[in-house]
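For reference, the structure is listed below as structure tokens.
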């Protein structure tokens, strides 16, 4: 009897059946397999041989587990970051600058949807906004190309980017997208490499990308690619992100930067102060603020006005990265003038909080309302 026929007869998958042929003896074997194993026997009159067909359900379980473990599509949250402080410590021979910064993931982010594509030559990227390149100039495509180059994978993807993080904001939205794409490609390929390897590779396409493979909070040095995990800041500390319509060119900001005019504050001291005493205005130093304010004078005026109008509501007001986002820590609402005056009608406003992730999991989107409800529940249980 053929294996396929036995599979049909016994209502079990043929991939889980093995066939064993024994010489026939005067008696059946005294030991039968474990009760979880189905056995069928047939005596051939001509050959007088015993045919034993064994169904092991464990093999089907392992097959199903493999199917579950490697999905064919993923919807992932792609968060952005802020620089709680940013010191520029030196200019390198290769033209880059050495920095020392406390990076932290925050709850604002994009959504990236990945599906396996039948294409054997290219990925397909779509988005909900205009003005974003959809070819290999985009960090998502660069990340997928990098993964194939490093692993030899031949998989290509359909990707949709639901963009929420503004561009030219100093929030690392594109870097977060690239890190998310690398993590997704690895997951959809059956986890070919460890996260640490993804982190190392990611530095080849962007200085800020390795940070996103931390747990959400890190002291970053070098070009930003040297990532040291640190204790996260409290997720119940509110903040507001305010980005004017105007953008700061990162290249232009660094071009105008003068090392001799940078802060003399020791980065490790800034980190220690924030970790022990919390966020304060004197610790949230950004050496790129002066050149950014030269590039965009209205940004300096906005920051100073926010500080004056807040009347102590914020623990600190500072620019993130190379701009042009101004961060207010300690309150989730912007000053009223931003709502009231026509000059600021186009400003991007988002409340946020500090975000982390669990080991071997990607970041999860948590709404502000969910965060408030969780905090209320925690306080009630104390």
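Numbering (UniProt numbering), first residue to last: 1 to 382.
Just so it is clear, CB atoms sit at the ideal spot from N, CA and C, and this is done for glycine as well.
What you are looking at is a predicted structure, and each value in this text was computed from that prediction instead of being measured.
| Item | Value |
| --- | --- |
| Unbroken alpha helix (DSSP H) run spanning residue 290, endpoints | 289-295 |
| Per-residue burial, residue 140 [other beta carbons within 10 Å of its own, 16 or more giving buried] | buried |
| Integer-rounded CB distance, given that residue 270 should sit under 8 Å from residue 201 | The pair is not a contact, with the Cβ atoms about 30 Å apart (cut-off 8 Å). |
| For residue 200, the first and last residue of its enclosing alpha helix (DSSP H) | 195-202 |
| Backbone CA spacing between residue 107 and residue 359 [nearest angstrom] | 18 Å |
| The stretch 270-287 in contact with the stretch 121-134 per 3-pair CB rule at 8 Å | no |
| CB contact flag (residue 88, residue 316, <8 Å) | no |
| Stretch-stretch touch, CB-based, cutoff 8 Å, three pairs: the stretch 245-255 with the stretch 321-341 | yes |
| Continuous beta strand (DSSP E) stretch holding residue 344: start and end | Run containing residue 344: none; DSSP gives neither H nor E here. |
| Rounded straight-line distance, which links the Cα of residue 114 to that of residue 73 | 5 Å |
| Contact set for residue 383: own chain, Cβ-Cβ below 8 Å, skip 5 residues either direction | There is simply no residue 383 to check, as the chain begins at 1 and stops at 382 in what is shown. |
| Proximity of residue 332 and residue 238 at Cβ, strictly below 8 Å | yes |
| Touch test, the stretch 175-187 against the stretch 209-216, Cβ-Cβ under 8 Å, three pairs minimum | yes |
| Buried versus exposed call for residue 340 [16 or more other C-beta atoms within 10 Å across all chains shown] | exposed |
| Chain-order list of residues whose beta-carbon lies under 8 Å from that of residue 357 (same chain, five-residue window excluded) | 105, 215, 216, 363 and 364 |
| Backbone secondary structure at residue 259 - three-state DSSP | helix |
| Supposed close pair residue 189, residue 153 - CB separation, criterion 8 Å | 5 Å |
| Which of helix, strand or coil DSSP assigns to residue 128 | coil |
| Local conformation of residue 305 per DSSP, three classes | helix |
| Top-ranked residue by Cα proximity to residue 109, from 120, 282, 167 and 98 | 167 |
| Sequence ranges, alpha helix (DSSP H) only - wholly within the UniProt domain "GHMP kinase N-terminal" (138-215), length at least 4 | 139-151, 173-188 and 195-202 |
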